[in-house]
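What follows is one structure encoded as structure tokens, with my remarks underneath.
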Amino acid sequence: MSFQTLLDEIRKNLLTVLENEKISQIPFTLESAKEGFGDVSCNIAFQAAKTLKKKPNEIAPLIAKQYEKFLGGLVKKVEAHPSGYVNFYAEIGKMAQVIITQSQKTDFGKVDVGQGQRVTVEHTSVNPNKALHIGHVRNVVVGDSMTRILRQANYDVQTLNYVDDSGLQVADILLGFTELKFPLEPPNGQKFDHYCGDEVYVKTTEQYLTKPELQEKRNSILKEIEEGKSDIASFATQITSRVLGEQLKTCWRLGVSYDCLNFESEIVRSKLWPEIFEQLKKMELIKFESEGKNKDCWVILSEGEEDKVLVRSNGTATYIAKDIPYAAWKLGLVDDPFYYKKYSDQPSGKTLYQTTLTPNNSPKHDYSSNLVITVIDSRQARLQNIITKLMSQFSSNKKEYVHLSYESVTLSSETANSLGLDTGGKSAQMSGRKGLYVNADRILDALEQKTKEETKKRNPELSDESLSKIATTVAVATLRYEMIKQDLDKIITFDTAKSLSLEGDTASYIQYAFARAGRILEKSQLAPNFDANYQLLVDDYEYSLIKTIGKLDLAVQDAARNLSPKVIAKFCYSLAVSFNAFYEHVRVLDAEPELVNARICLVSSFQSCLRTALELIGIDTPSRM
RNA sequence: GGGUCCGUAGCACAGCUUGGAUAGUGCGGUCGCUUGCGGAGCGACAGGUCGUGGGUUCAAGUCCCCCCGGAUCCGCCA
0 MSFQTLLDEI RKNLLTVLEN EKISQIPFTL ESAKEGFGDV SCNIAFQAAK
50 TLKKKPNEIA PLIAKQYEKF LGGLVKKVEA HPSGYVNFYA EIGKMAQVII
100 TQSQKTDFGK VDVGQGQRVT VEHTSVNPNK ALHIGHVRNV VVGDSMTRIL
150 RQANYDVQTL NYVDDSGLQV ADILLGFTEL KFPLEPPNGQ KFDHYCGDEV
200 YVKTTEQYLT KPELQEKRNS ILKEIEEGKS DIASFATQIT SRVLGEQLKT
250 CWRLGVSYDC LNFESEIVRS KLWPEIFEQL KKMELIKFES EGKNKDCWVI
300 LSEGEEDKVL VRSNGTATYI AKDIPYAAWK LGLVDDPFYY KKYSDQPSGK
350 TLYQTTLTPN NSPKHDYSSN LVITVIDSRQ ARLQNIITKL MSQFSSNKKE
400 YVHLSYESVT LSSETANSLG LDTGGKSAQM SGRKGLYVNA DRILDALEQK
450 TKEETKKRNP ELSDESLSKI ATTVAVATLR YEMIKQDLDK IITFDTAKSL
500 SLEGDTASYI QYAFARAGRI LEKSQLAPNF DANYQLLVDD YEYSLIKTIG
550 KLDLAVQDAA RNLSPKVIAK FCYSLAVSFN AFYEHVRVLD AEPELVNARI
600 CLVSSFQSCL RTALELIGID TPSRM
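Yeah, the first sequence ends on 624 if you go by numbering that gives the first Met the number 0, and it's all consecutive.
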């Protein structure tokens with residue numbers, strides 16, 4: 000804790016003041032002050048106005064006066080503003096001392112929102128019949144950033160990636176391979192997931208318009224996949240695992256890793272569904288309709304909306320019957336039918352496991368939690384609400400299923416245009432089926448090329464290998480940052496040309512600040528001595544930077560509590576802004592040795608803070624760029 | 001038709017959870033800054049009926065309701 004230390008001190012003293020004044024029941028909030036109003040502002044005078052029957056601007060001076068006896072800690076001045084706020088001014092040197100020293104500890108920026116509680120996060124979950132596009136990237140990046148943030152907030156996080164390998168979209172490409180005879184090997188060494196999505200899927204679904212009989216064929220393929228015994232089924236496994244392998248490469252390229260893969264086909268074959276179906280009947284959470292439009296169906300009743308058919312009149316289950324067992328499994332509400340085996344190593348060093356129904360001697364894993372977070376776009380909100388409600392009825396109230404919803408990524412009219420669609424100036428929804436999307440690997444390639452050129456301009460002496468490495472780091476950062484810097488409920492209108500921008504509120508701006516700081520430290524040829532004279536750091540730009548560093552933990556807490564990764568992105572940006580202003584106005588190396596050391600400590604503190612914060616959103620910090 | 005979400009500067013967004021001071025940031029525009037620790041930078045200026053109307057309140061961009069505009073979902077498809 001750091002800026003929090005200041006808040007804690009003020010809160011404690013204010014409570015004593017209230018106690019002395021016999022008005023201790025007044026609730027109040029302390030907040031970081033706006034520019035020009037000191038460091039911390041308190042609304043206590045507003046809150047007390049009614050009780051004391053006085054105006055806020057009469058109460059504030061009284062409080063301020065009473066507080067004066069507590070000055071001398073971190074607070075050097077307290078002031079009643081005519082508006083009614085009580086404003087606190089901190090002792091800069093002491094704040095610098097506290098914050099910079101604490102920033103060197105390994106637990107700096109860690110908070111205890113989770114108290115060690117286990118949470119299961121599912122994200123990515125892309126159908127294994129195509130490559131990731133930028134819409135999927137939003138899901139991946141939100142899920143991965145949230146995972147990192149929750150870990151920082153002392154949650155024990157398990158991440159899952161659900162592979163829908165028994166859906167219609169898989170049947171579509173199988174039909175392409177078996178009936179339409181697409182070659183199994185992509186031309187010119189094309190990535191297999193790109194090939195399946197761009198070629199096989201798009202061209203196969205096109206054919207449904209002219210050859211409706213293909214759709215029947217598709218349905219029979221789907222049935223065979225679900226049953227899992229035929230040659231078609233094993234061919235499906237072969238295709239989907241190959242696509243999955245390529246998809247995971249894209250995810251790893253983005254710096255994302257997982258704990259376990261779940262396959263829908265195994266959920267289907269595990270017999271979890273019949274078991275849960277019986278329980279749902281017993282608990283009377285579902286209803287058999289004997290008349291009406293859903294005659295002879297089992298339905299989930301839903302207030303204010305259409306009932307959802309769960310089991311058709313012919314006795315077969317609908318798709319939602321695949322999602323319910325999975326949700327229940329994640330919450331640990333059913334006996335785990337799975338065995339586990341290693342799927343692969345990951346670039347992060349973490350081993351990726353997968354479920355299997357084939358018995359083995361490998362150790363059992365447990366990925367279930369009382370808190371399950373599922374990252375899915377907002378268009379699936381209705382289905383997710385049904386599942387959330389059903390799970391809350393199905394379990395004890397200490398279990399919680401959360402749909403972490405985010406708005407979709409659409410294409411700007413210019414970008415849609417470049418893909419051959421005239422939208423009349425409007426943005427357009429992406430469509431895998433129509434081939435209307437921006438492929439994730441390709442946008443990363445374009446970003447890498449651009450950033451490599453930019454880096455080369457500035458660092459002509461660097462080797463091609465170093466340049467590529469830096470370019471990868473900046474490219475991934477840029478894409479990730481664009482995907483989480485805004486609120487989850489805002490649509491992102493993606494424009495390929497604009498996405499290549501590296502100025503202003505972008506990841507490269509932030510990384511650049513880090514690199515600049517590194518160059519100062521490098522040039523100084525000094526190791527910071529943190530037993531420094533922080534009283535020397537009196538400049539406004541220095542102080543503003545120190546304060547921002549001290550607020551990392553507040554940002555982590557906010558982001559974790561509200562499941563809002565953008566809070567960390569905003570923090571990183573404001574930290575970089577503070578540093579760049581400092582850099583422009585304060586010369587670190589042109590000062591007396593004692594002051595140089597104090598400033599070097601600050602620069603070093605800035606670096607460790609920014610590195611920690613950027614890690615929470617999966618962004619690396621190049622020392623040069 | 002019903003449900004959910006969005007509406008803040010030319011454009012893209014923050015601020016709304018927890019009401020309070022002077023509504024912030026980026027892009028774009030105009031004008032400046034480099035024999036200096038890296039200009040992917042810094043500074044200045046211009047640009048706002050916070051969609052409309054009501055309500056609650058001493059106080060509303062923030063809370064409540066109506067309306068308008070936009071997005072999205074609503075199959076015995078997955």
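Glycine is no exception: its CB is placed at the ideal position from the N, C-alpha and C atoms. Predicted model, so just to flag it, every value in this text is computed and none were measured.
For residue j and residue i, the rounded distance between their alpha carbons
{"i": "residue 27", "j": "residue 7", "result": "13 Å"}
{"i": "residue 493", "j": "residue 426", "result": "9 Å"}
{"i": "residue 338", "j": "residue 116", "result": "24 Å"}
{"i": "residue 130", "j": "residue 551", "result": "36 Å"}
{"i": "residue 510", "j": "residue 484", "result": "15 Å"}
{"i": "residue 46", "j": "residue 392", "result": "40 Å"}
{"i": "residue 10", "j": "residue 605", "result": "27 Å"}
{"i": "residue 38", "j": "residue 583", "result": "23 Å"}
{"i": "residue 306", "j": "residue 296", "result": "11 Å"}
{"i": "residue 14", "j": "residue 71", "result": "17 Å"}
{"i": "residue 212", "j": "residue 400", "result": "41 Å"}
{"i": "residue 409", "j": "residue 587", "result": "45 Å"}
{"i": "residue 181", "j": "residue 444", "result": "27 Å"}
{"i": "residue 471", "j": "residue 461", "result": "15 Å"}
{"i": "residue 206", "j": "residue 199", "result": "11 Å"}
{"i": "residue 166", "j": "residue 232", "result": "12 Å"}
Residue j beta carbon less than 8 Å from that of residue i
{"i": "residue 192", "j": "residue 274", "result": "no"}
{"i": "residue 554", "j": "residue 545", "result": "no"}
{"i": "residue 141", "j": "residue 374", "result": "yes"}
{"i": "residue 159", "j": "residue 322", "result": "no"}
{"i": "residue 60", "j": "residue 79", "result": "yes"}
{"i": "residue 40", "j": "residue 84", "result": "yes"}
{"i": "residue 260", "j": "residue 353", "result": "yes"}
{"i": "residue 128", "j": "residue 196", "result": "yes"}
{"i": "residue 163", "j": "residue 263", "result": "yes"}
{"i": "residue 536", "j": "residue 403", "result": "no"}
{"i": "residue 618", "j": "residue 479", "result": "yes"}
{"i": "residue 499", "j": "residue 596", "result": "no"}
Coil, strand or helix - residue i by DSSP
{"i": "residue 343", "result": "strand"}
{"i": "residue 485", "result": "coil"}
{"i": "residue 50", "result": "helix"}
{"i": "residue 359", "result": "coil"}
{"i": "residue 505", "result": "coil"}
{"i": "residue 585", "result": "coil"}
{"i": "residue 623", "result": "coil"}
{"i": "residue 15", "result": "helix"}
{"i": "residue 32", "result": "coil"}
{"i": "residue 333", "result": "coil"}
{"i": "residue 110", "result": "coil"}
{"i": "residue 230", "result": "helix"}
{"i": "residue 430", "result": "strand"}
{"i": "residue 311", "result": "coil"}
{"i": "residue 281", "result": "helix"}
{"i": "residue 257", "result": "coil"}
{"i": "residue 203", "result": "helix"}
{"i": "residue 9", "result": "helix"}
{"i": "residue 338", "result": "strand"}
Terminal residues of the alpha helix (DSSP H) in which residue i lies
{"i": "residue 593", "result": "592 to 614"}
{"i": "residue 128", "result": "Per DSSP, residue 128 belongs to no alpha helix (DSSP H) and is neither H nor E."}
{"i": "residue 391", "result": "380 to 393"}
{"i": "residue 89", "result": "Where residue 89 is concerned, there is no enclosing alpha helix (DSSP H), although the beta strand (DSSP E) it sits in stretches over 85 to 89."}
{"i": "residue 452", "result": "439 to 457"}
Own chain partners of residue i with C-beta closer than 6 Å, once the 5 adjacent residues on each side are dropped
{"i": "residue 92", "result": "533, 534"}
{"i": "residue 346", "result": "251"}
{"i": "residue 428", "result": "409"}
{"i": "residue 577", "result": "543, 544, 547"}
Limits of the unbroken beta strand (DSSP E) element including residue i
{"i": "residue 553", "result": "Unbroken run through residue 553 is the alpha helix (DSSP H), 551 to 560; no beta strand (DSSP E)."}
{"i": "residue 68", "result": "First-last for residue 68: undefined, no H or E at that position."}
{"i": "residue 366", "result": "Segment: none, residue 366 is in no beta strand (DSSP E) and carries neither H nor E."}
{"i": "residue 298", "result": "297 to 299"}
{"i": "residue 159", "result": "155 to 162"}
{"i": "residue 491", "result": "491 to 493"}
Beta-carbon contacts of residue i that lie in its chain and below 7 Å, excluding the five residues immediately before and after
{"i": "residue 342", "result": "260, 351, 352, 353"}
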